[in-house]
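So the structure is just underneath, and the comments pick up after that.
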DNA sequence: ACAATTCAAATGAAAATGCACTTATAGCCA
DNA sequence: TGGCTATAAGTGCATTTTCATTTGAATTGT
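Residue numbers (our numbering), protein chains in the order written: chain A, 848 to 1001; chain B, 848 to 1001.
What follows is the structure, encoded as structure tokens:
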């Protein structure tokens, strides 16, 4: 049976910027996240892997920030990823409070493999837009990020 | 002590559309989510409340989709929100598989109160951009949403 | 009318997350 | 130097989410 939508015109959320952004992010990533799910890799693990590509060693807090997770969540995620051999932790030379997180060889292999798939997916996404718009999208997002980059730990 | 960033130029993630969108969504919503946290309201609860504004009754699956949650997550969230008196469930007249979810009076009061705060926050956000860009943002997001609206349950 | 299929919602056990707090180290400055 | 504050990471428990499955109802095809 057809389930009718409510009679009202526009829902609150359909004209609400924060929601439009969240929805766009969710929708745009859903196809790639589906690929991850098929491979048995969680979004959080993929974010850590991708955040470590090309890095000599990130801090736990820095990774948490980059991956949009809280620090204790990251600590526990890194515990699991260490157990499964994707990353390694080592003490920072200069500051003994700091832990440096790196990809292992296996982690790098997985990260680079997934990054290829991610870039291929991105190309597909952008191909669905007229070239001028595709160009504009990333620039606009970078503008948003720059303008709303709020002071650390508000 | 200053923690130096890695020597490399641009991180993979900083030129990856899906990440830019996720980060923008996260960053833009963080201030409002902070307001929610102060009031002891979770993001998920706010999403359900805002999704029900002006509605005669949404389905559980429809709400889950609108709130970017999975259906079992929504069922349990609605259990809690029902217990705390924010929403009510009632059987659909035409299709007995379907449950219609509505705001209670208390839920509507909270939803409308928060929606005011959300719109005020949105106005602040948009004020940080030049008017032409502010105008462009929502349109671009709607364009993205329209182009990547994928077939239900792929 | 009836089996087979599809669909909506709920359930249960396992895993992940959030929050407040602890521990250890570093920076500051009198 | 000694003590105060700030910062990085880890911990424990309660809460929430996920995944796979179940239940009940509607639709489809014969």
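Where a beta carbon is used, it is the ideal one built from N, C-alpha and C, also for glycine.
This one's a predicted model, so the numbers in the text were calculated from it and none came from an experiment.
Count the other CB atoms within 10 Å of the CB of residue i; is the residue buried (16 or more) or exposed (fewer)?
i, result
"residue 898/B", "buried"
"residue 858/A", "buried"
"residue 932/B", "exposed"
"residue 954/A", "buried"
"residue 902/B", "buried"
"residue 971/B", "exposed"
"residue 982/B", "exposed"
"residue 856/B", "exposed"
"residue 909/A", "buried"
"residue 979/A", "exposed"
"residue 860/B", "buried"
"residue 999/B", "Reliability fails at residue 999/B, whose pLDDT of 46 lies under 50, so the model's placement of it is uncertain and no value is given."
"residue 965/A", "buried"
"residue 967/A", "exposed"
"residue 986/B", "exposed"
"residue 862/A", "exposed"
"residue 852/B", "Any reading at residue 852/B must be qualified, since the residue scores a pLDDT of 43, below 50, and its modelled position is unreliable; the value itself is stated next. By the 10 Å Cβ count, residue 852/B comes out exposed."
"residue 881/A", "exposed"
"residue 996/B", "exposed"
List the residues of chain A whose Cβ lies closer than 8 Å to the Cβ of residue i, in chain order.
i, result
"residue 948/B", "Simply none; closest approach about 12 Å."
"residue 930/B", "In chain order: nothing, as chain A lies at least about 24 Å away."
"residue 980/B", "987, 990"
"residue 887/B", "Neighbours of residue 887/B on chain A: none; closest Cβ ~17 Å, over 8 Å."
Can you name the residues of chain B whose CB is closer than 8 Å to the CB of residue i?
i, result
"residue 967/A", "Within 8 Å Cβ-Cβ: nothing; residue 967/A doesn't reach chain B, min ~12 Å."
"residue 876/A", "865, 868, 869"
"residue 975/A", "994, 995"
"residue 915/A", "869, 870, 873"
"residue 961/A", "Near residue 961/A there are no residues of chain B at all, since even the closest Cβ is about 10 Å away, more than 8 Å."
In the DSSP output, which residue or residues are listed as bridge partners for residue i?
i, result
"residue 919/A", "DSSP output for residue 919/A lists no bridge partner at all."
"residue 937/A", "947/A"
"residue 905/B", "948/B"
Does the beta carbon of residue i fall short of 7 Å from some heavy atom of the ligand HEM?
i, result
"residue 879/A", "This structure simply doesn't include the ligand HEM, nor any ligand for that matter."
Looking at residue j and residue i, is the spacing between their C-beta atoms short of 8 Å?
i, j, result
"residue 928/B", "residue 895/B", "yes"
"residue 976/A", "residue 994/B", "yes"
"residue 893/B", "residue 961/B", "yes"
"residue 938/A", "residue 946/A", "yes"
"residue 915/A", "residue 869/B", "yes"
"residue 864/A", "residue 959/B", "no"
"residue 918/B", "residue 907/B", "yes"
"residue 924/A", "residue 956/A", "no"
"residue 867/B", "residue 992/A", "yes"
"residue 935/B", "residue 951/B", "yes"
"residue 872/B", "residue 911/A", "no"
Can you name the residues of chain B whose CB is closer than 9 Å to the CB of residue i?
i, result
"residue 954/A", "In chain order: nothing, as chain B lies at least about 14 Å away."
"residue 964/A", "Chain B residues near residue 964/A: none, gap ~11 Å exceeds 9 Å."
"residue 1075/A", "The requested residue 1075/A does not occur in the structure, where chain A is confined to residues 848 to 1001."
"residue 910/A", "Correct list: empty, because the minimum Cβ distance to chain B is about 11 Å."
"residue 924/A", "Residues of chain B passing the Cβ test: none, with the nearest at roughly 16 Å."
Quick one: list the residues of chain A neighbouring residue i, beta-carbon separation under 7 Å, in chain order.
i, result
"residue 872/B", "868, 869, 872"
"residue 933/B", "Under the 7 Å cutoff, chain A gives no residues; its nearest Cβ is about 16 Å from residue 933/B."
Residue i versus chain A: which residues are under 9 Å apart at the beta carbon?
i, result
"residue 1005/B", "Missing from the structure shown is residue 1005/B; chain B here goes from 848 to 1001 and no further."
"residue 883/B", "Going along chain A, no residue has its Cβ under 9 Å from residue 883/B, so there is no contact; the nearest lies around 11 Å."
Contiguous alpha helix (DSSP H) assignments of at least 4 residues, all confined to the stretch 949 to 977 of chain A: Those alpha helix (DSSP H) runs which fall completely within the stretch 949 to 977 of chain A and span 4+ residues are 952 to 974.
What residue ranges within the stretch 867 to 898 of chain A form continuous alpha helix (DSSP H) runs of no fewer than 4 residues, ordered along the chain? Qualifying alpha helix (DSSP H) stretches: none in this window.
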